[in-house]
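Engineer: Got a structure for you, questions after.
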Amino acid sequence: MIITYTKTCGFLPEMKCNLAFLGALIWGFQAIWAQNPLIRDQYTADPTARVFNNKLYVYPSHDIMCTEDKGEPGWFCMEDYHVFSSKDLTIWKDHGEILHQKDVPWAYDEGYSMWAPDCVEKDGKYYFYFPTKHKDTEGFTIGVAVGNHPEGPFTPQKKPIANVNGIDPNVFIDHDGQAYIYWSGRDIWVAKLKPNMLELASEPSIIANLPKEGHLEGPFMFERSGKYYLTYPHVENKTERLEYAIGDSPMGPFKVTGVIMDESPTGCWTNHHSIVDYNDQWYLFYHHNDLSPDFDKNRSIRADSLSFNTDGLINKVIPTLRGIGVNKASEELQFDRYSAKSADAELHFNNSQNTFQGWNIALKQNDWVQYNSVEFDETYASLTIRVNASLKSQLEIVDASKNTILAAIEIPANTGWLEYKAALPQIANAVYDLRLVLKAGQASIDWIRFMD
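What follows is the structure in C-alpha cells.
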C-alpha cells in the first residue's frame, strides 16, 4: 500500500482516508517506512528480529506514556505487544496486538511491565517469551505464549517458567536442536530448555567473565561460523552501549571482545538489540528515542547493516537515519531520513506537538541532502515533492555516485506546505544514491515521489 495524501484522518496524523488505508486498518496496517525509526505511528523498543518462512519478523516491546492511573509517571510503561513483518525491509506490516497483560493468567494485570520479548519456532510451533511482574510475588518472571503462526494468535501458559526470575528473555536453538534460554537479573543467566520449550532442563547459572561494574541486561545469542556471540547492553559510563563476548559453546565460557554500538550521542539511557542474518546480509536491530527526544522512556526501533572482519570480529555499527532496504522510486522518499547532508542543512519535526507526523529537512542555497539506494525500475515522467519554499527555488537531483545531474526543477515560492508536481527527463533504470542540491532559494523538503 502506498499512502496517498488526499484527505486527513483525525485519528492518525498524515495518514489519509482512502480505501486502501481503511482496508489496512481491517487487515493489519502496512506502510512504507524503510528508514529509521522503522515504526512511526507508535512507540516501540527492544526489538527481536527473527526470520520465519522467508520473511523478517520483529517482536518489540510497546512503550506508552504513563499516567497517574496507568503505570508510574516518568518511568517505562508497557501493557501489550505487537509484531511487525516485512519481506523487502521497506514495507512493514503491523499485525496488531498479539498479547496484553490482562491476557496472562499469572501476571499482575496493572503492572505495565511487558518488557523486552523474544520468539522462536520449533516443530511448527511459535514460542513467544516475555517478562512481566507476577501478581502474587515481587519482581519479574518470564512466561511463554504459544501460537501456530509467527504473527499469532498466541495463547499464554497458565504459569510462568519455574525457577526463572528476571527480564529480557532470549532463546537460542543450537544446530543439535538443544534450546537455551538467557535472561538478565543483575547478572546474565543461562539454562537449557526441555524439548517442550516451556520448562528448564538444567539449573540456571550465571555467565561468568562478563563486566561486573555498571548495569548489564538484554542478552542476545547468535552463532556464526562455529562461534557463539553473546551480545548485551552495558552501562560503561552513563548510558548503555552494545557489547559482545565470544565463546565456543552456548553456555560459555565467553571472552569479552568488543563494542557493537557506542553510547547514544543524545543521552538516551537504554539500548536493546538483536542481530539477524536475512538474505545473506547481517542486520542490527536496536532502539533510540527519535520520536521522543525529551523523554527517553518512549523509544523507537531502528535497524542498520552489520558486518564482520575476516577474523570474526564485529565491525562497529554507526547509527544512520537512512536505515535499511532499497526503496522504489515510486515510494515516498523521506529525504529527512538522509544518508548524508551538508553541514548547514537542518532537520525539523513537521509538528513538534505530534512527532508521529515525522520530519522535514530545511535547505538554503548550496545545501544538499543525500538518500541512498533508490531503485528506478521503470520510466517516470514526473515527480511530486512535498515542499515549503519561502523563496523561488531551483533544485537539482544528482546521481551521487557519478556526480551527474539527473533532473533540475524550479519550485515556486509559497506560504505553506504544498505538493508540487514537476516533469522529468528520462532517467535510466538503475539503483541510485540520490542527492538533492538546492542551487538557489530556500526550501524545506518532506518527501519526494517519482511518478509515471
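Just so you know, the sequence shown maps onto residues 1 to 452 in full-length UniProt numbering. Glycine included, C-beta positions come from ideal geometry on N, C-alpha and C.
Along the beta strand (DSSP E) that carries Leu200, what are the first and last residues, could you check?
Structural biologist: If you number the sequence shown from 1, residue 200 lands on position 200. Where Leu200 is concerned, there is no enclosing beta strand (DSSP E), given that its DSSP letter is neither H nor E.
Engineer: Give a yes or no on whether the C-beta atoms belonging to His95 and Asp80 are separated by under 8 Å.
Structural biologist: Indexing the sequence shown from 1 puts residue 95 at position 95. Indexing the sequence shown from 1 puts residue 80 at position 80. The answer is no: Cβ separation not under 8 Å.
Engineer: If the criterion is Cβ atoms closer than 8 Å, does the pair Phe154 and Leu242 meet it?
Structural biologist: The residue labelled residue 154 in the question sits at position 154 within the sequence shown. The residue labelled residue 242 in the question sits at position 242 within the sequence shown. Their beta carbons are not under 8 Å apart, which means Phe154 does not touch Leu242 by this criterion.
Engineer: By DSSP's criteria, Val58 is part of a beta bridge. Which residues make up the other side?
Structural biologist: For the purposes of this step, residue 58 is taken as residue 58 along the sequence shown, with counting starting at 1. DSSP, once it has assigned bridges, lists Ala49, Phe84 as partnering Val58.
Engineer: Under 8 Å between the Cβ atoms of Ile411 and Leu395?
Structural biologist: Indexing the sequence shown from 1 puts residue 411 at position 411. Indexing the sequence shown from 1 puts residue 395 at position 395. Closer than 8 Å, so yes.
Engineer: Just grab the DSSP bridge partners of Asp149 for me.
Structural biologist: Here residue 149 refers to the residue found at position 149 of the sequence shown. As written in the sequence, residue 149 is His, which differs from the Asp given in the question. Per DSSP, none; premise fails for His149.
Engineer: Taking just the CA atoms, how far does Lys439 sit from Ser249?
Structural biologist: As a position in the sequence shown, residue 249 is number 249, starting the count at 1. As a position in the sequence shown, residue 439 is number 439, starting the count at 1. Whole-angstrom Cα-Cα distance: 58 Å.
Engineer: From the DSSP output, in three-state form, read off Phe335 for me.
Structural biologist: Position 335 of the sequence shown holds residue 335. Three-state result, Phe335: coil.
Engineer: Taking the runs of the beta strand (DSSP E) that are 3 residues or longer, which of them lie wholly in the region 122-178?
Structural biologist: Runs of the beta strand (DSSP E) inside the region 122-178: 125-133, 140-147, 154-156, 167-173.
Engineer: Classify Leu313 as buried or exposed, calling it buried when 16 or more other Cβ atoms lie within 10 Å of its own Cβ.
Structural biologist: Taking the first residue of the sequence shown as position 1, residue 313 is located at position 313. With fewer than 16 other Cβ atoms within 10 Å, it is exposed.
Engineer: If I measure Cβ to Cβ from Ser444 and keep anything under 6 Å in the same chain, skipping five residues before and after, which residues do I get?
Structural biologist: Position 444 of the sequence shown, counted from the start, is the residue given in the question as residue 444. Counting only Cβ-Cβ distances below 6 Å, and skipping sequence neighbours, we find Asn360, Ala362, Asn388.
Engineer: Would you tell me roughly how many angstroms separate the C-alpha atoms of Phe172 and Lys122, rounded to the nearest one?
Structural biologist: Here residue 172 corresponds to residue number 172 of the sequence shown, with the count starting at 1. Here residue 122 corresponds to residue number 122 of the sequence shown, with the count starting at 1. So the alpha carbons of these two residues sit roughly 11 Å apart.
Engineer: Does the contact criterion of 3 or more C-beta pairs under 8 Å hold for the region 205-225 versus the region 151-165?
Structural biologist: Judged by Cβ distances under 8 Å, the region 205-225 makes no contact with the region 151-165, as fewer than three pairs qualify.
Engineer: Below 8 Å, how does it come out for the region 177-191 and the region 159-166: are there three or more Cβ pairs, yes or no?
Structural biologist: Verdict: yes, contact present.
Engineer: Could you give the C-beta distance for Val329 and Val374, rounded to a whole number, given that I count them as a contact under 8 Å?
Structural biologist: Working through the sequence shown from its first residue, we reach residue 329 at position 329. Working through the sequence shown from its first residue, we reach residue 374 at position 374. Sequence inspection shows Ala at residue 329; the Val mentioned does not correspond to that position. Indeed they touch by this definition, with Cβ atoms about 5 Å apart.
Engineer: Mind checking whether Asn170 and Asp88 have CB atoms under 8 Å apart?
Structural biologist: Indexing the sequence shown from 1 puts residue 170 at position 170. Indexing the sequence shown from 1 puts residue 88 at position 88. Contact: no.
Engineer: With a threshold of 16 other CB atoms inside 10 Å of the CB of Asp311, please say whether the residue is buried or exposed.
Structural biologist: Taking the first residue of the sequence shown as 1, we reach residue 311 at position 311. Label assigned to Asp311: exposed.
Engineer: Of the choices Val190, Val83, Leu291, Gly267, whose alpha-carbon is the least far from that of Tyr43?
Structural biologist: Against the sequence shown, residue 43 aligns to sequence position 43. Measuring from the Cα of Tyr43, the nearest candidate turns out to be Leu291.
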